[in-house]
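Participant: Protein chains in written order, with my numbering: chain H, 156 to 358; chain C, 2 to 334.
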Amino acid sequence: MVLYSLTFYLFSSVAVLSALMVISAKNPVHSVLFLILSFVNASGLFVLLGAEFLAMILVVVYVGAVAVLFLFVVMMLDINFVKLREGFLQYLPFGALLGIVLVIELGILFLTDRSSNIYNNQTPLQPIVNEVENTKMIGQILYTEYFYLFQICGIILLVAMIGSITLTLRDKGGVKRQNIDSQNTVDASTAIEKKKVKIGEGI
Amino acid sequence: MTYDILITGLIIIAQILAVVVPVLISVAFLVYAERKVLALIQLRRGPNIVGPFGILQSFADALKLITKENIIPSGSNKIVFILAPIITMVLSLAGWAVIPFAPGWVVSDINVGIMYLFAVSSLGVYGIIMAGWASNSQYPFLGALRSAAQMVSYEVSIGFVIITVLLCVGSLNLSKIVLAQQTVWFAIPLLPMFIIFFISALAETNRLPFDLPEDESTLVAGFFTEYSSASFVLFFLGEYASMILMSSMTVILFLGGWLPPFDVYPLNVVPGVIWFTVKVIFILFLFIWVRGTFPRYRYDQLMRLGWKVFLPFSMFWVVATSGFLVYFDMLPN
């Protein structure tokens, strides 16, 4: 149990600290790297909760794919750090306002009467020790009870995908493209053309 | 109480060492074997000076590299520059935690073993991207960009291949995946998926013919151009360790892990770990053979292969396999 709490405090403190570093790091690439560290620690917390499937999905999807593309874009940006600092005071009131609203909301959540809270009626979050793996349990719920919602999620993703493809697809003229089939069908009779060249004239 | 924790900790450390040390030693011999096989393919002799048949060549090279000066470019982002090879090395060793070498021979027999391996192998790209960016130099940066795009495109088809295998097993646990192949190895009914997985593994580990991130004829040495001595050794070790890891993954998914080819008398008395090793060595030989045989792909060809050939085909195969399993009522429960 001591080991469990130790790992919990390790993961959660690193997650919170790296989340802080995401917004305070001067270099945007460092921000993204701290974001990745935060993701990895969050997945560690999922493992401690006994939700190993969610933990792995978090790493595969967010760290392995989304953050790679994120890093890709941020690395390519040519950012002027001095200019980035200039607007700081200008945007400070908005940021502070958002922060205060969030803090107030969190405070309300903590201060409300706990007996009327729906969370009290549920069992505390603890790893459910039984024979069924949680991958199977997620599947059994996702594809029966939430089947239509799941399908709608898929359709939303499909629409977003088609949208981004149509936005970026441009047919520029003068681009040489490789046609593999036509290359493969080339043989001596079609590739070589015999010409009689007159002396002193060229083709 | 405290003694218990201490003993548990010591047992865990001993288990980790029992896996990591053989892996690192086999990396050294893999490098030697690769040079020897390539030499035989090209009608040369290969390393033959250090030790009998040159067998100690890799150790001599490692010693030489470590004793050299470690140069950190002044324009580089130093912390990220030093972290990058460490991350590559750590990730290539982390995957070994879930590999079952024989029945019960596994450090951590988790339920989502295959997902863990997939996650760890997809994180491998970070070492390369960080190295390329932190070097603050054009060639490494180009290598990093190529690597990021390449990894993302091949991971999708690897994911589909894994799903196909999981449909036939009904579990994400690696030991159960091996045990599900007692009747027939998945390489036989899922042969096209086996080939796709092998080719994607080549791309995932940046091996020829897909080694565009380190393409020496156009990018000097790609993402590790600026690296020297010990940090270079870490990249090198990481690359070969992840190569062995991907081979083990191939063996577990398709070639029946520790199981003998036929469950008959002289074959099934051989210990499982020996079968496992023999199969991994076979896959590694294929890696080297491919390197010695095929020319490097051009970058747009690599992308075309990943997105336009492998992705639709593996997607179709997922649908076909699940359809087959449902129709003949063979789904594992």
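Glycine included, every Cβ here is placed at the ideal spot set by N, Cα and C.
1) How would you list, in chain order, the residues of chain C whose beta-carbon sits under 7 Å from the beta-carbon of THR345 (chain H)?
2) What does the Cβ neighbour count give for ILE320 (chain H), buried or exposed, with the cut at 16 atoms within 10 Å?
3) Just the C-alpha distance for PHE249 (chain H) and VAL256 (chain H), rounded to the nearest angstrom, thanks.
4) Under the rule that 16 or more other beta-carbon atoms within 10 Å means buried, what is VAL327 (chain C), buried or exposed?
5) Mind pulling the chain C residues with CB within less than 9 Å of LEU190 (chain H)?
6) What are the start and end residues of the alpha helix (DSSP H) that includes GLN333 (chain H)?
7) Rounded C-beta distance between VAL162 (chain C) and MET194 (chain C)? I'm assuming under 8 Å.
8) ARG292 (chain C) by DSSP, collapsed to three states: which one?
9) Give the DSSP-derived three-state secondary structure of ARG147 (chain C) in the structure shown.
10) Would you mind telling me which residues of chain C sit closer than 7 Å to LEU226 (chain H), beta carbon to beta carbon, in chain order?
11) Is it the case that the region 102 to 111 of chain C contacts the region 264 to 282 of chain C, given that we only count it when at least three CB pairs across the two stretches are under 8 Å?
12) Which one of C:ALA29, C:LEU57, C:LEU303 has the shortest CA to CA distance from ALA204 (chain C)?
13) List, in chain order, every chain C residue whose beta-carbon is nearer than 8 Å to that of ALA174 (chain H).
14) Does DSSP classify ILE163 (chain C) as helix, strand or coil?
15) Return the Cβ separation of ILE6 (chain C) and VAL157 (chain H) in integer angstroms, given the expectation that the two are a contact with Cβ distance under 8 Å.
16) Using Cβ-Cβ distances below 9 Å, what residues of the region 301 to 325 of chain C are close to chain H?
17) Determine, for TRP134 (chain C), whether the minimum Cβ-Cβ distance to residues of chain H falls below 7 Å.
18) When the distance is taken between beta carbons, is ALA145 (chain C) closer than 7 Å to GLY133 (chain C)?
19) Which runs of the alpha helix (DSSP H) spanning at least 4 residues fall entirely within the region 14 to 84 of chain C, listed in chain order?
20) Name the two residues that bound the continuous alpha helix (DSSP H) containing PHE329 (chain C).
21) Within 8 Å, do at least three Cβ pairs link the region 207 to 217 of chain C to the region 281 to 297 of chain C?
22) Rounded to whole angstroms, what's the CA-CA distance from ALA321 (chain C) to LEU191 (chain C)? Just pull it up for me.
23) Report the rounded CA-to-CA distance for LEU266 (chain H) versus PHE317 (chain C), giving the unit in angstroms.
24) Restricting to Cα atoms, I'd like to know which of C:CYS169, C:ALA34, C:ALA98 is closest to PHE283 (chain C).
25) Which residues in chain C sit within 8 Å of VAL223 (chain H), going by Cβ to Cβ distance?
26) Can you say whether SER315 (chain C) is buried or exposed, counting buried as having 16 or more other CB atoms within 10 angstroms of its CB?
27) Between which two residues does the alpha helix (DSSP H) holding ASP301 (chain C) run?
28) Can you tell which of C:SER123, C:MET250, C:TYR300 has the C-alpha that lies nearest to the C-alpha of ARG147 (chain C)?
29) Relative to chain C, which residues along the region 207 to 220 of chain H have a C-beta separation below 7 Å, given in chain order?
30) Pull up the distance between the alpha-carbon of PHE225 (chain C) and that of GLY76 (chain C), whole angstroms please.
Facilitator: For this structure:
1) Residue mapping note: residue 345 (chain H) aligns to position 190 of the first sequence, counting from 1. Listed along the chain, the chain C residues whose CB falls inside 7 Å of the CB of THR345 (chain H) amount to none; the nearest CB is some 22 Å away.
2) Taking the first sequence and counting its residues from 1, one reaches residue 320 (chain H) at position 165. Sixteen is the threshold: since fewer than 16 other Cβ atoms of the shown chains lie within 10 Å of the Cβ of ILE320 (chain H), the residue is exposed.
3) Position 94 of the first sequence, counted from the first residue, corresponds to residue 249 (chain H). Position 101 of the first sequence, counted from the first residue, corresponds to residue 256 (chain H). C-alpha separation (whole angstroms): 11 Å.
4) Your numbering for residue 327 (chain C) matches position 326 in the second sequence. Looking at its Cβ environment, which holds fewer than 16 other Cβ atoms inside 10 Å, VAL327 (chain C) is exposed.
5) Sequence index remark: in the first sequence, residue 190 (chain H) carries index 35 (1-based). Per Cβ cutoff of 9 Å: no residues; LEU190 (chain H) is ~12 Å from chain C at best.
6) As a first step, residue 333 (chain H) must be located in the first sequence, where it is residue number 178. Annotation for GLN333 (chain H): no alpha helix (DSSP H) segment contains it, and DSSP assigns it neither H nor E.
7) Residue mapping note: residue 162 (chain C) aligns to position 161 of the second sequence, counting from 1. Residue mapping note: residue 194 (chain C) aligns to position 193 of the second sequence, counting from 1. Right, their Cβ atoms sit about 5 Å apart.
8) As a first step, residue 292 (chain C) must be located in the second sequence, where it is residue number 291. Correct three-state label for ARG292 (chain C): helix.
9) For the purposes of this step, residue 147 (chain C) is identified with residue 146 of the second sequence, where counting begins at 1. Three-state result, ARG147 (chain C): helix.
10) Position 71 of the first sequence, counted from the first residue, corresponds to residue 226 (chain H). Here the neighbours are ILE130.
11) The region 264 to 282 of chain C is in contact with the region 102 to 111 of chain C.
12) Here residue 204 (chain C) refers to the residue found at position 203 when the second sequence is read from its first residue. Proximity to ALA204 (chain C) across C:ALA29, C:LEU57, C:LEU303 peaks at C:LEU303, based on C-alpha coordinates.
13) One-based indexing of the first sequence puts residue 174 (chain H) at position 19. Counting only Cβ-Cβ distances below 8 Å, ALA174 (chain H) has no contacts in chain C at all, with the closest Cβ about 18 Å away.
14) Translated into the one-based positions of the second sequence, residue 163 (chain C) becomes position 162. Here ILE163 (chain C) sits in helix by DSSP.
15) Along the second sequence, read from residue 1 onward, the residue named residue 6 (chain C) stands at position 5. Along the first sequence, read from residue 1 onward, the residue named residue 157 (chain H) stands at position 2. So it is a contact: roughly 7 Å between Cβ atoms.
16) For the region 301 to 325 of chain C, the residues whose beta carbon sits under 9 Å from a beta carbon of chain H are, in order, ASP301, GLN302, ARG305.
17) As a position in the second sequence, residue 134 (chain C) is number 133, starting the count at 1. It does: the Cβ of TRP134 (chain C) has a partner Cβ on chain H nearer than 7 Å.
18) Counting from one through the second sequence, the residue named residue 133 (chain C) turns up at place 132. Counting from one through the second sequence, the residue named residue 145 (chain C) turns up at place 144. Closer than 7 Å, so yes.
19) Taking only runs of at least 4 residues, the alpha helix (DSSP H) segments lying wholly in the region 14 to 84 of chain C are 58 to 68.
20) Start at 1 with the first residue of the second sequence, and residue 329 (chain C) comes out as number 328. In the DSSP annotation of this structure, PHE329 (chain C) is not part of any alpha helix (DSSP H), being labelled neither H nor E.
21) Enough Cβ pairs lie closer than 8 Å, so yes.
22) Counted from its first residue, the second sequence places residue 321 (chain C) at position 320. Counted from its first residue, the second sequence places residue 191 (chain C) at position 190. Answer to the nearest angstrom: the Cα atoms are 11 Å apart.
23) The residue given as residue 266 (chain H) occupies position 111 in the first sequence. The residue given as residue 317 (chain C) occupies position 316 in the second sequence. Approximately 54 Å between the Cα atoms of the pair.
24) If you number the second sequence from 1, residue 283 (chain C) lands on position 282. Of C:CYS169, C:ALA34, C:ALA98, the residue nearest in Cα terms is C:ALA34.
25) The count along the first sequence starts at 1 and reaches residue 223 (chain H) at position 68. Those within 8 Å of VAL223 (chain H) in chain C are VAL126, TYR127, ILE130, ALA149, MET152, VAL153.
26) On the second sequence, position 314 is the one that residue 315 (chain C) refers to. Per the 10 Å Cβ criterion, buried.
27) The residue given as residue 301 (chain C) occupies position 300 in the second sequence. 300 to 305 is the span of the alpha helix (DSSP H), which, as asked, contains ASP301 (chain C).
28) Position 146 of the second sequence holds residue 147 (chain C). That would be C:TYR300, whose Cα lies nearest to the Cα of ARG147 (chain C).
29) Those would be GLU207, PHE208, MET211, VAL214, VAL215, VAL218, GLY219, ALA220, in chain order.
30) Mapped onto the second sequence, residue 225 (chain C) falls at position 224. Mapped onto the second sequence, residue 76 (chain C) falls at position 75. Computed Cα separation, rounded: 15 Å.
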